[in-house]
Structures are given as structure tokens and as C-alpha cells.
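Chains as they are written, first to last, in this note's numbering: chain A, 1 to 284; chain B, 285 to 568.
Encoded as C-alpha cells, the structure appears first; notes follow it.
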């Protein structure tokens, strides 16, 4: 954290864990009998609960969207540029709710949680979750918080799919749906890139059929490759060209196996921090 | 091979290995003191050697471009649709030369050849080869075959880069340069995809810093992932959408880890044969 808090920061914030013990039926046909959702809130809910904004995170996202967890934290939450007093999502006006989604593994129940049936982490036995399941769990969260109708549901990328799904599943429970850089459905090419990312992870020897928790390892190489593929798709061909072009790291070609081009270094850097669960994850 | 040869096939063909023992200086600054190039030829060279066409292969390509190696061969060479009597590259008119490039590992000297300095496979000590190096070696091949000037140099993708480089480096030694689906330089996004493919291979535990020959293994998972990334880039977003769309493999979602979509199955299938060196490689 900077020596003094920026004036437009929500300041030091603390996540809360909410426990739900009414079973939730999922699209896959399975149910979770109980589960936790971790949330952060910024700003104050008004008397008629009409100023609440839900932030939906993207792939590999986090509830920590704004402010700092402690005075030692180096970086603020992932969307601090947009959430705070006077910022686009203005916490002087709005009560902002940011959660970690079901299955998200940053505190909300997910594959790294203990499966009550076995006493061990769910791993690959955790049910496959859909966007519709997230929205359903977010509606139950709204009930818990006493929010009948969101002023807005906001998200980018996979978060935008949730904002869109909200408008389809609960049109009477939100005033605005803010869908950023998203789509109602993946194209064949999107599906294909996701398949490469998934194969990179599951073919890593340290994946252990999804039971890597038992071996105290993570499929680090696979996660890094998946992140590299992801980062290419987060930038358009044109913007990547503008940002990096064919710029070399050094004056001339080295004719070796190290990164020769700036864009290669960028991808390696982006990928390197990703498998470490303690690192706050940049969202794209 | 079909029961009888198709009338427009070049028939049964045999590769030849040509040995070169004059050192070739490479762009990286190293030299190969001697090397082999494997070629196939189709059709007859005419009296003034004016009807020769050079076929340049793409990434992971092969000298076996047309016809069959034996009556047991199931599939013809990789460009049999274009090379043969009456076909676009008409062997009734042209003498067609197809080679395996230096470093190509299908018989021409490459990382799997014995390094005379160590008596073991070169592996990562094989020099990094450029398009210019290939063209230089192809010019030496032309000298050996008595071809002063090609009627045409033809290639697609990385092969097209060679056809283009020919026109820059030896403009007086070719009549036509046929550059198909290629480019004079990779964009940042191209470089990025190649970096993912390379990282997939080099981060595979069976890569062993490039000395996997010593362990009698191949970095199979990495090669498969690299091939999946490649296949996505070989098709445009639009053509992939047209070919596969969001078609499921089955009637409904399975909510599991198996391929749900047809495009996922396609990628897995394309990747599965790639690491097996005995499988003729489809060229894209």
C-alpha cells in the first residue's frame, strides 16, 4: 500500500464468509448441500436497498475488487481503477458487492474445499458449474443481503456472461445489466482455445487426474501454458501488434531458446505468477 | 495404397539421400561441415534443365509430397492432390523436386542426426536454422542437380516464406515464385502463438533440455499441445465456425472432462498422431 491511502480508495477492506446450508441444485443435475461464498462490500446500502451493485468476476477471478486487505498489501483489488469514491462505480452512491464465485477457490466452496462425503478435497468430484449456476447462487446471496433488486449487475468477459444471464433469469431483480467485452456464446475458435488450455492443465503430470491436492503439488506448467494461451486471446491481433510489434528484447537475434521478442517475454512474465495461489490474479 | 494406382498418381516413388561435404555457413554464425538432404523427384528433367519445380515444405514437413513409397502405403504424399500427371503441378511437363529441409528430421540432417563432435544426437546443439539457411541449402541442391534456374519455387505457409526468400536471395535463379498462404514476417500474435507451442514442448518433463533422445522418450504431451495451438491458427475464426460451430459430440452436455464439442474432438484427433515420428505428418 502507498504510504497514505489515495483519496479515491475504498481503504482497508475485509472479506466476509457467508455460509449457506440450503441445498443448491446445479445445471449438471448434482446439488451442493451446503457451501460458502466469500464477499467484499464497499460503500453503504441505503434504506430501501436500491443502490446495490453486483460485480461478477471473470475466469480465475477474485472477490477482492477494490481497496487493500492490509497496510502491507502492495496492490489494490483487481478493479480498483473503477470502484471507489468518485470513480465510475462510485462508492459514495452505491453499495458494491463483489464475490468469489462458487468453484472459484479463493475462499468460496470449490474443488479445493473439503468434500463432506470423503473428508478430502473435492478435486475432480466437484460438480461442473455453469454461468446459470453462478447467477442462481448470486440471487441467493442477494436474498441473504436483503437486496431484492440490484441497481446494476456488472461484469467483463466471463463476468459479462453472468451480467447477461441475470437479465434473462431474473429480469425483475436488476435495473441495469452492464456487459463488457463479453458474448452470449463462445465461437468454435473460443471453444478450441479453451480446450487447449484445459488440455495443457490436465496433461501436466502434476495434475494427477485432478487429485493433485493429495500430492501437495499444482500442475504448474499446464497452468502457465493455459495462461499464455489466454493472454493471447485477451488482446486482439491489432492491439498486440501495436503494443509489441516485432520488437526484440536485445539488439539482435540470439539464435537460441531464450525469448528473442518482447512479446515472448511478456507472455512468460504473465504466465509465471499465475500458478501461485497466493498471488492476486489479474483479471482479463 | 488403392488396389490399383490412380491414373493421375506419380506412382511408387523412392527418396534419395544426397550427401554434401562442403561446409555450409549458417545465419547464426555456426557452420555444418557436412550434411545430408533427402529428396524425392517426380517427372523428367528436360534437356536444358528448364522445367524444374522446387516444392518447399511447411513447419514439420516432409519430402514425400506425392505418390506412394510402397504398395502397402495407405496415404499418398502430402501434396498428392496438386502434384501428378495432369494435376496443377503437372509431372507430364515439370520435373518436381521435393526435399526435407535441413533440420527437418525426416532423413535430412537435423537434431536427431549424430553430431560428429560427440557421437550422439545433436539435440539442442543443432544450430538454429533460418528460412535464409534453407534457401541457401536448396541453392546448393539445385547446383548438385544441375538446375541453374527453377521454372518455379512453390510453397505454402513456412514453405511460402522460402519461395519468397528465393526471389530475394537468388532472383536470377527462378522464373516464378509461388507464395501460398504466407507472409514476409510474423506478426506479434504469430510470434506469441509460436512461443506457446515452443513452451509447451520445452516445459514437457520428457523434453530433458532437448536431450530426450538419450532417454528414449519424446515430449509427447508438449508436441500434442503445440499441434493443437497450430491447428487453431491454420483455420480462420470464420472457417472454424463454419466447419464446427457449437456442434456437440452428443445430444446434450455431459458436464464432465471429456470433449463436449465437435471442435474439441477434432483438435484432440489432430494432435494425437503428431508426436509419432512414423506417422506421415499432415502439412498446414
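Just so it is clear, CB atoms sit at the ideal spot from N, CA and C, and this is done for glycine as well.
Since this is a predicted model, take the numbers as computed values, not measurements.
Check: What does the Cβ neighbour count give for residue 513(B), buried or exposed, with the cut at 16 atoms within 10 Å?; Outcome: buried
Check: Compare the C-beta of residue 103(A) against all C-beta atoms of chain B and say whether one is closer than 7 Å.; Outcome: no
Check: Suppose you measure from the CA of residue 186(A) to the CA of residue 192(A); what does that come to, to the nearest Å?; Outcome: 10 Å
Check: Kindly provide the ranges of any beta strand (DSSP E) runs that are 3 or more residues long and lie completely inside the segment 325 to 361 of chain B, ordered along the chain.; Outcome: 336 to 340
Check: Can you look up residue 150(A) in the DSSP assignment and give me helix, strand or coil?; Outcome: strand
Check: Count the other C-beta atoms from every protein chain shown that fall within 10 angstroms of the C-beta of residue 83(A), then say buried if there are 16 or more, exposed otherwise.; Outcome: buried
Check: Would you say residue 493(B) reaches chain A, if we count a Cβ-Cβ gap shorter than 7 Å as a contact?; Outcome: no
Check: With DSSP collapsed to three states, give me the class of residue 87(A).; Outcome: coil
Check: Let me confirm a value: residue 249(A) is counted as buried when at least 16 other C-beta atoms fall within 10 Å, else exposed. Which label applies?; Outcome: exposed
Check: With 16 as the cutoff for other CB atoms within 10 Å, does residue 547(B) come out buried or exposed?; Outcome: buried
Check: Tell me which residue opens and which closes the beta strand (DSSP E) that residue 464(B) is part of.; Outcome: 461 to 464
Check: With a threshold of 7 Å between beta carbons, is residue 452(B) in contact with chain A?; Outcome: no
Check: Assuming residue 41(A) and residue 97(A) form a contact by the criterion Cβ under 8 Å, report the distance between their Cβ atoms to the nearest whole angstrom.; Outcome: 5 Å
Check: Ends of the beta strand (DSSP E) at residue 20(A)?; Outcome: 16 to 20
Check: Exposed or buried, what is residue 279(A) when buried is set at 16 or more other beta-carbons lying within 10 Å of its beta-carbon?; Outcome: Residue placement at residue 279(A) is flagged as unreliable, the pLDDT there being 44, under the threshold of 50; a coordinate-derived value is accordingly withheld.
Check: In the segment 470 to 481 of chain B, which residues sit with their C-beta less than 8 Å from some C-beta in chain A, listed in chain order?; Outcome: 470, 471, 472, 473, 475, 476, 477, 479, 480
Check: Name the residues in the segment 542 to 563 of chain B whose C-beta lies less than 7 Å from a C-beta of chain A; which are they?; Outcome: 545, 547, 548, 551
Check: Going by other Cβ atoms of all chains shown within 10 Å of its Cβ, with 16 needed for buried, is residue 144(A) buried or exposed?; Outcome: exposed
Check: Determine whether the Cβ of residue 343(B) lies closer than 7 Å to any Cβ atom of chain A.; Outcome: no
Check: Throw me the rounded Cβ distance for the residue 342(B) and residue 440(B) pair, which I believe falls under 8 Å.; Outcome: 6 Å
Check: How should residue 46(A) be labelled, buried or exposed, when 16 other C-beta atoms within 10 angstroms of its C-beta is the threshold for buried?; Outcome: exposed
Check: For chain A, is any of its Cβ atoms less than 7 Å away from the one on residue 413(B)?; Outcome: no
Check: Along the chain, where does the alpha helix (DSSP H) containing residue 477(B) start, and where does it finish?; Outcome: 472 to 486
Check: Do you know offhand how far residue 285(B)'s Cα is from residue 296(B)'s?; Outcome: Any reading at residue 285(B) is ruled out, since the residue's pLDDT is 49, under 50, leaving its predicted position unreliable.
Check: Looking only at its chain, what residues have a beta carbon closer than 7 Å to the beta carbon of residue 226(A), apart from the 5 residues adjacent to it on each side?; Outcome: 197, 200, 201
Check: In chain order, what residues of the same chain lie with their CB nearer than 6 Å to the CB of residue 90(A), ignoring the 5 residues before and after it?; Outcome: none
Check: Can the beta-carbon of residue 24(A) be found closer than 7 Å to that of residue 32(A)?; Outcome: yes
Check: Kindly indicate which three-state DSSP category residue 210(A) falls into: helix, strand or coil?; Outcome: helix
Check: Under 6 Å Cβ to Cβ from residue 310(B), same chain only, skipping five residues before and after it: list those, please.; Outcome: 411, 417
Check: Do residue 163(A) and residue 177(A) have their C-beta atoms closer together than 7 Å?; Outcome: yes
Check: Do we get a CB-CB distance below 7 Å when we pair residue 4(A) with the residues of chain B?; Outcome: no
Check: Would you mind reading off the limits of the beta strand (DSSP E) that contains residue 96(A)?; Outcome: 95 to 99
Check: Please report whether the beta-carbon of residue 571(B) lies at a distance below 7 Å from any beta-carbon of chain A.; Outcome: The question about residue 571(B) has no answer here: the residues shown for chain B are numbered 285 through 568.
Check: Is DSSP giving residue 12(A) helix, strand or coil here?; Outcome: strand
Check: Could you confirm whether any beta carbon from chain B is found closer than 7 Å to the beta carbon of residue 149(A)?; Outcome: no
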